[in-house]
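Engineer: Let me give you the structure first, and then I'll get to my questions.
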Amino acid sequence: MGNKSGLEQRIIELKLEKRELLLAGKNINKIDELIKEVEEEIKCLR
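Okay, here's the thing in structure tokens:
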């Protein structure tokens with residue numbers, strides 16, 4: 014997908030979006046999956 018710093022920035026964005034969804038009482042399952050996928054990509058880059 015991208016370089017490590019870009020992926021880390023994506024995680025930050027996803028976590029902020031997750032927080033907004035939680036505050037709105039929305040479902041966060043989909044965003045949790047996206048966060049896991051990006052975290053796995055970062056692990057592969059190490």
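When you line the sequence shown up against our numbering, it's residues 14 to 59, in that order. We put the CB at the ideal spot given by N, CA and C, even for glycine. Keep in mind it's a predicted model, so treat the numbers as computed, not measured.
#1: In the structure shown, what three-state DSSP assignment does G19 receive?
#2: Are I44 and L29 closer than 8 Å when you measure CB to CB?
#3: Would E21 pass as a contact of I48 if the rule is Cβ separation under 8 Å?
#4: Short of 6 Å in beta carbon distance, which residues of its chain neighbour L34, apart from the five on each side in sequence? Order them along the chain.
Structural biologist: Reading it off the structure:
#1: Helix at G19.
#2: For I44 and L29, no; Cβs fall outside 8 Å.
#3: Judged by beta-carbon spacing, I48 lies beyond the 8 Å limit of E21, meaning their Cβ atoms are not closer than that value.
#4: Around L34: I41.
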